[in-house]
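In full-length UniProt numbering, the protein residues as written are 1 to 224. All C-beta atoms, glycine included, are put in the ideal place defined by N, C-alpha and C. Since the model is a prediction, treat every value here as computed from it, not as a measurement. Everything on this sheet refers to the single structure shown next.
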């Protein structure tokens, strides 16, 4: 008798548990559409596109890439059009004694004609200190960039490198306080494998002077 009652009690307990479980499952199923809607809404609010969200290995295209050979050809055509017609003139720059002294300290060229204003005033034929010729030459990148510092003239190129100088002449001294500027033009274009070599003639002018400070032929390489 006790065994029968125990089995009956156990069956009732199981049925009670099943009923509770059934209620939980039914409640979950009823709530499922709402949960799904909330999840979809949250996913739509994410700034990443669906394709990127679901397939991380396929990043979205950010820009159209240009074949290096096509980019090189485009630049070559543009440079050929500018070959005889374009001349860039930069802004005026004042070269002072402080810049001369700094250049002397960095290079170790402390010759008195550059660094001793008192002695230069009495012993130098220029009656003043003068800038190193190589200081004038080293200012070419800054002076030529002053044409338009925010504009890259060769956006198609991956890299632009100064590769050397073909000819340099220092024709007139630059004294402290003088203003100079760069006047440059392309004088040669050489198309090479995956690159273009330019020869740009740069003339450093002195304000209010018929003579120029320096003429240099700068060799540049554009890589694609």
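**Prompt:** Can you list, in chain order, the residues of its chain whose CB lies under 8 angstroms from that of residue 205, leaving out five sequence neighbours each side?
**Reply:** Excluding positions up to five away in sequence, the list reads 180, 181, 182, 183, 212 and 213.
**Message:** Tell me the rounded alpha-carbon separation between residue 188 and residue 142.
**Reply:** Whole-angstrom Cα-Cα distance: 22 angstroms.
**Message:** Quick check: residue 76 and residue 163, are their CB atoms within less than 8 angstroms of each other?
**Reply:** No. Outside cutoff.
**Asked** Whose CA, out of 197, 140, 128 and 151, lies closest to the CA of residue 174?
**Response** It is 128.
**Request:** Might you give, ordered along the chain, the residues of its own chain that have their beta carbon closer than 8 angstroms to the beta carbon of residue 171, omitting 5 neighbours on each side?
**Result:** The beta carbon of residue 171 sits closer than 8 angstroms to those of 211, 212, 213, 214 and 215, all from its chain and outside the five residues before and after it, given in chain order.
**Request:** Report buried or exposed for residue 121, applying the criterion of at least 16 other Cβ atoms within 10 angstroms of its Cβ.
**Result:** Residue environment for residue 121: exposed (fewer than 16 other C-beta atoms within 10 angstroms of its C-beta).
**Message:** Taking 8 angstroms as the limit between beta carbons, can you name the residues of its chain near residue 107, skipping five residues before and five after?
**Reply:** Excluding the 5 residues flanking it on each side, residue 107 has same chain C-beta neighbours closer than 8 angstroms at 132 and 134, in chain order.
**Message:** Contact defined as beta carbons within less than 8 angstroms: I believe residue 165 pairs with residue 97. What is the distance between those atoms, to the nearest angstrom?
**Reply:** With 8 angstroms as the limit, residue 165 and residue 97 do not qualify as a contact, their Cβ atoms being about 26 angstroms apart.
**Prompt:** What separation, rounded to the nearest whole angstrom, lies between the Cα atoms of residue 186 and residue 130?
**Reply:** One C-alpha to the other measures close to 29 angstroms.
**Item:** Buried or exposed (CB count within 10 angstroms, at least 16 for buried), residue 198
**Value:** Answer is buried; the Cβ neighbour count reaches 16.
**Message:** Quick check on DSSP: helix, strand or coil for residue 54?
**Reply:** Because residue 54 sits at a pLDDT of 31, beneath the cut-off of 50, its placement in the model cannot be relied upon, and the following sentence gives the value as read from the coordinates. Here residue 54 sits in helix by DSSP.
**Asked** Using DSSP with H/G/I as helix, E/B as strand and the rest coil, what is residue 171?
**Response** Residue 171 falls in the coil class under three-state DSSP.
**Asked** Among 116, 79, 67 and 222, which one has its Cα closest to the Cα of residue 100?
**Response** Of the listed residues, the one whose Cα sits closest to residue 100 is 116.
**Prompt:** What is the rounded straight-line gap between the Cα of residue 176 and the Cα of residue 207?
**Reply:** Distance between the alpha carbons of residue 176 and residue 207: 13 angstroms.
**Prompt:** For residue 113, which residues of its own chain have a beta-carbon under 7 angstroms away from its beta-carbon, when the five flanking residues on both sides are left out?
**Reply:** 120, 124, 129 and 130.
**Message:** Given a cut-off of 8 angstroms on the beta-carbon distance, is the pair residue 224 and residue 190 in contact?
**Reply:** No. Outside cutoff.
**Prompt:** How is residue 87 classed by DSSP in three states: helix, strand or coil?
**Reply:** Coil.
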